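**Student:** Just so you know, we're using our numbering here: the sequence shown kicks off at 2 and counts up by one.
Right, I'll just put the structure down here and ask away after.
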Amino acid sequence: MKPTMRSCVAVLVLVVLAATAAAFINPNRTPKDMQRQSDVVLELEFKKVNDDGKAVAAVKKVLKGKFDKKEVTLDLLAGAFEQQGRNVMAVIKGGQKQAVMYIGKFPDESEQGMAEEPKEKAFLHMACPASSKWQWIELAKYEADVWDLVKQDAYMLGTWAGGTDMLLRLIDYIKSDPDADVPVREDAEWDKQIKAGQIQGKVIAAEPVDLAGDGNCYLFVAGAGGDHLFRFTGKAFEDVAAKLSLASKSAAFAWGDFSGDGKVDLASWDGKQLRLFSQKPDGTFQAQACDTGGALKDGCLALAMLDSGSKGRPALLASTKASPILLVPQADGAMQATPLVKGDFPGKELGEPSRCLVGDIDGDGLADVLQLFAAGSLLYKGKAPGEFAAPVLTPVAAGQGRNGACLGDWDGDGLLDVMTTAEDRNHLWQNHGKDKFNDLLCLTGEIAYISKPGGTYVQAGDVNNDGRQDILIAYGAQMAPQLFFNRGFRSTGHARQMDLQEQKVLHEAGEGQQAACLGDFNADGALDMALVLAKGEVWVFPRKVEDEALAAVVGLSASSPHAGPLSVTASVDKRQLGAWTIRAGGPAAVIGVSDPVPVTLKWRWPGSQVQTREVIVKNGPARVLLDKK
């Protein structure tokens with residue numbers, strides 16, 4: 002006889018244990034293990050569910066084994082936990098159709114890792130925002146052709162915490178590559194931290210700068226009391242700003258070859274005046290005031306470098322409280338100012354304005370502009386270098402108060418996604434193409450429940466040289482920075498080996514950071530972390546590597562005829578690593594690999610066909626400039 006009740010006490014204990022284990026990745030049951038242990042793996046599409054809890058799903062694809070039936074029937078109200086079954090019913094009725102079903106004899110794992118004799122069961126993965134807290138369902142068969150719900154299994158989040166669409170892509174990857182890797186930890190750590198300096202006054206931002214164009218990045222720190230340039234000398238960092246006559250005080254800034262001489266210059270807004278600090282042949286800087294014709298009379302929130310449409314001459318994009326303004330350098334040193342929106346500005350109802358992100362967001366080879374506000378954004382799609390279409394409204398929101406935002410490709414599909422951090426909450430905006438975005442942070446693994454509100458800075462970067470883009474979040478107060486490594490396909494884990502708080506390193510970082518960034522400051526092919534703490538101390542954490550790391554280091558020279566930003570995709574064999582953003586004269590993208598392999602790069606110059614280049618990574622970083630043969 003089919004049981005209608007099970008031992009509530011025993012099952013309740015399992016549920017409690019499962020809930021407490023959800024925050025940790027299970028190294029013994031990865032999606033690779035599930036694929037290997039399963040006799041049958043099915044892609045399902047739910048067709049209907051009735052009020053009695055009977056759900057019918059069509060077998061869309063057999064992903065492993067033999068299965069000749071066209072449908073699978075689930076009884077969601079057969080078990081001891083009626084409310085759990087009704088939760089699943091509500092998700093299906095709400096429109097969730099996609100699911101993955103694993104059938105086989107799986108060991109029963111407790112939280113302590115003990116195992117019982119394997120027995121046949123099934124695990125169903127169905128994840129959408131409404132089901133993000135559990136995602137997995139354990140099933141048992143008590144009647145022919147009907148699978149009964151046993152429980153929602155939060156413990157299985159340690160196997161995979163992410164979208165079902167991403168799990169299906171991961172299964173394809175596992176099937177196509179016998180060496181497929183689904184990491185369970187970052188397998189990287191920081192070397193001994195180095196104090197680079199002490200800064201007085203408010204700090205605005207920090208970022209790596211390839212000042213000489215040779216791949217050796219300086220650490221640029223912008224602040225109200227004066228900007229700083231830290232150069233690594235082999236053992237320590239030296240502030241060389243005064244030595245190079247860089248006397249800027251930046252409230253907003255951008256680096257690029259604005260003078261057209263093949264060297265990067267600094268465009269600096271000090272709150273009242275825009276100045277260009279041009280780099281001279283000897284490496285020192287010379288300041289020149291730039292006339293913007295009153296275009297910035299109401300202030301400037303941020304600056305970004307982008308292609309002007311004139312060969313070899315980048316322009317500036319100024320983020321303002323209203324329309325972004327394109328500033329194109331002229332021969333006399335003035336800036337020709339053109340607002341991207343003429344007439345009534347369509348962003349007035351979107352709340353507090355924030356910065357613009359510039360990158361090839363729609364994947365057509367042209368730079369686009371995403372203007373962020375607290376409650377939404379405006380996307381200006383590139384029509385040609387330096388020319389943009391009228392903006393379209395998107396849901397991508399910066400959030401409340403001081404916030405951070407960056408572009409990255411965390412699912413490896415070649416389209417740039419958006420991560421935003423703010424005082425109220427964090428978001429990961431998945432780019433589905435055709436101007437469609439939605440917030441799927443809840444389906445992004447450990448970052449969803451370990452990261453905290455109050456993030457003021459976020460950056461994508463491959464911190465462990467596995468080719469996947471990871472995430473650094475810095476916090477304004479009462480938090481150490483956090484790193485989340487990418488398991489692939491938009492699922493993350495907390496990089497505990499690199500977490501300063503968990504490793505009890507530099508406890509002062511727990512008081513908050515004024516600025517932070519990732520950059521290869523010692524030119525070893527591995528990204529380092531730089532922090533400016535609440536009291537102005539500047540610290541650099543080099544990645545610990547033996548000799549040099551394996552990576553394709555991909556950039557554009559300062560004199561590139563296309564300033565960008567340019568989107569370049571990378572792949573190794575059949576594994577797609579995603580899209581990376583580079584710009585002329587900017588720091589290169591560090592695309593790590595685990596073993597010496599060829600890396601295939603693809604990109605598209607504006608108005609041209611897709612270009613391909615193979616980079617052979619052998620004994621260390623392989624540096625390549627895409628605009629050079």
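Every residue, glycine too, gets a C-beta built ideally from N, C-alpha and C.
As the structure is a prediction and not an experimental result, all values here were calculated from the model.
1) How big is the Cα-Cα spacing for Lys-152 and Val-594?
2) Where does Ile-172 land, buried or exposed, given buried means 16+ other C-beta within 10 angstroms?
3) With respect to 7 Å, is the separation between the Cβ of Lys-176 and the closest non-hydrogen atom of the ligand ADP below this value?
4) For Asp-180, name the three-state secondary structure that DSSP assigns.
5) So, under 8 Å CB-CB, Leu-297 and Leu-275 are touching, yes? Tell me the CB distance rounded to an integer number of Å.
6) From the DSSP output, in three-state form, read off Met-420 for me.
7) What did DSSP end up calling Asn-427 once you bin it into helix, strand or coil?
8) Which stretch, first to last residue, makes up the alpha helix (DSSP H) that contains Gly-86?
9) Given a threshold of 16 other Cβ atoms within 10 Å of its Cβ, counted over all protein chains shown, does Glu-187 qualify as buried or as exposed?
10) Report buried or exposed for Arg-491, applying the criterion of at least 16 other Cβ atoms within 10 angstroms of its Cβ.
11) Less than 8 Å between the C-beta atoms of Val-204 and Val-183, yes or no?
12) Using only CA atoms, which one of Gly-586, Asn-620 and Val-555 lies nearest to Trp-604?
13) Given this structure, state the Cα-to-Cα distance separating Ala-385 from Gly-409, to the nearest angstrom.
14) For Pro-209, count the other beta carbons within 10 Å of its own beta carbon; 16 or more makes it buried, fewer makes it exposed. Which is it?
15) Run the CB neighbour count on His-433, radius 10 Å, all protein chains shown included, and call it buried at 16 or more, exposed below.
16) Suppose you measure from the CA of Gly-402 to the CA of Gly-537; what does that come to, to the nearest Å?
17) Phe-374 and Pro-392: beta carbons closer than 8 Å?
18) At which residues does the beta strand (DSSP E) containing Pro-209 begin and terminate?
19) Would you kindly work out how many angstroms separate the C-alpha atoms of Glu-288 and Pro-325, rounded to a whole number?
20) For Ile-617, does the count of other Cβ atoms within 10 angstroms reach 16, so buried, or fall short, so exposed?
21) Bridge partners for Val-60 per DSSP, in chain order?
22) Give the straight-line distance between the Cα atoms of Gln-610 and Asp-109, rounded to the nearest whole angstrom.
23) Go ahead and pull the three-state DSSP assignment for Gly-216.
24) Less than 8 Å between the beta carbons of Pro-646 and Ala-550, yes or no?
25) Going by DSSP, name the residue or residues bridged to Gln-372.
26) For Gln-470, which residues in the same chain have their Cβ closer than 7 Å to its Cβ, ignoring the five residues on either side in sequence?
27) Below 8 Å between beta carbons: does that hold for Ala-225 and Lys-250?
28) Assign Asn-620 to buried or exposed, taking buried as 16 or more other Cβ atoms, counted over all protein chains shown, within 10 Å of its Cβ.
29) Where does Gly-159 fall in DSSP's three states?
30) When you compare only the Cα positions, how much space is there between Val-532 and Ala-516?
31) If Tyr-103 and Val-42 are in contact, beta carbons under 8 Å, what's the gap, nearest whole angstrom?
32) Counting only the same chain and skipping the five closest in sequence on each side, list residues whose C-beta sits under 7 Å from that of Ile-592.
33) If you reduce the DSSP assignment to three classes, tell me which class Gln-470 lands in.
34) Where do the N-terminal and C-terminal ends of the alpha helix (DSSP H) with Arg-491 fall, by residue?
35) Using 8 Å as the cut-off, can you tell me whether the stretch 27-46 makes contact with the stretch 161-179, which would need three or more C-beta pairs spanning the two stretches below that distance?
36) Taking DSSP's pairing of strands, which residues face Ser-568 in a bridge?
**Tutor:** In terms of the structure at hand:
1) Distance between the alpha carbons of Lys-152 and Val-594 is about 40 Å.
2) Burial call: buried.
3) Absence of the ligand ADP is noted for the structure shown, with no ligands found whatsoever.
4) Looking at Asp-180 - three-state DSSP - the assignment turns out to be coil, as it is neither helix nor strand.
5) Beta-carbon to beta-carbon, Leu-297 and Leu-275 are separated by about 6 Å, close enough to satisfy the 8 Å threshold.
6) For Met-420, the three-state secondary structure derived from DSSP is strand.
7) Note: Asn-427 maps to coil in three-state DSSP.
8) 83-94 is the span of the alpha helix (DSSP H), which, as asked, contains Gly-86.
9) That one is buried.
10) With 16 or more Cβ atoms within 10 Å of its Cβ, Arg-491 is classed as buried.
11) No, they are not a contact pair.
12) Cα-wise, what sits closest to Trp-604 is Val-555.
13) Going from the Cα of Ala-385 to the Cα of Gly-409 covers about 23 Å.
14) With a threshold of 16 other beta carbon atoms within 10 Å, Pro-209 meets it and is buried.
15) By the Cβ neighbour-count rule, His-433 is exposed, with fewer than 16 other Cβ atoms within 10 Å of its own.
16) Between Gly-402 and Gly-537, the C-alpha separation is close to 22 Å.
17) Their beta carbons are not under 8 Å apart, which means Phe-374 does not touch Pro-392 by this criterion.
18) It spans 204-210 - the beta strand (DSSP E) in which Pro-209 sits, taken as one unbroken run.
19) Here residue 288 turns out to be Ala, not Glu, going by the sequence shown. Approximately 25 Å, taken between the alpha carbons.
20) Exposed is the call here.
21) Bridge partners of Val-60: Leu-45.
22) In a straight line, the C-alpha of Gln-610 is about 53 Å away from that of Asp-109.
23) Gly-216 falls in the coil class under three-state DSSP.
24) Outside the modelled stretch of the chain, which goes from 2 to 630, sits residue 646, for which no answer is possible.
25) Answer is Cys-357 and Leu-379, bridged to Gln-372.
26) Hits under 7 Å: Gly-409, Asp-410, Trp-411, Ala-461, Gly-462, Asp-463, Asn-487 and Gly-579.
27) Against a cut-off of 8 Å, the Cβ pair of Lys-250 and Ala-225 comes out as a contact.
28) So Asn-620 counts as exposed.
29) In the three-state DSSP reduction, Gly-159 falls in the helix class (H, G or I).
30) The sequence shown places Leu at residue 532, not Val. Spanning the two alpha carbons is a distance of roughly 6 Å.
31) For a cut-off of 8 Å, the C-beta gap from Tyr-103 to Val-42 is around 5 Å, short enough to register as a contact.
32) Result list for Ile-592: Asp-463, Gly-468, Ala-552, Ala-553, Val-555, Ala-571, Leu-578, Trp-581 and Val-600, in chain order.
33) Coil at Gln-470, not helix or strand.
34) Boundaries for Arg-491: no alpha helix (DSSP H) harbours it, and the DSSP string shows neither H nor E there.
35) The stretch 27-46, when compared against the stretch 161-179, does touch it at the 8 Å Cβ threshold.
36) Residue pairing by DSSP places Ser-568 opposite Thr-582 in a beta bridge.
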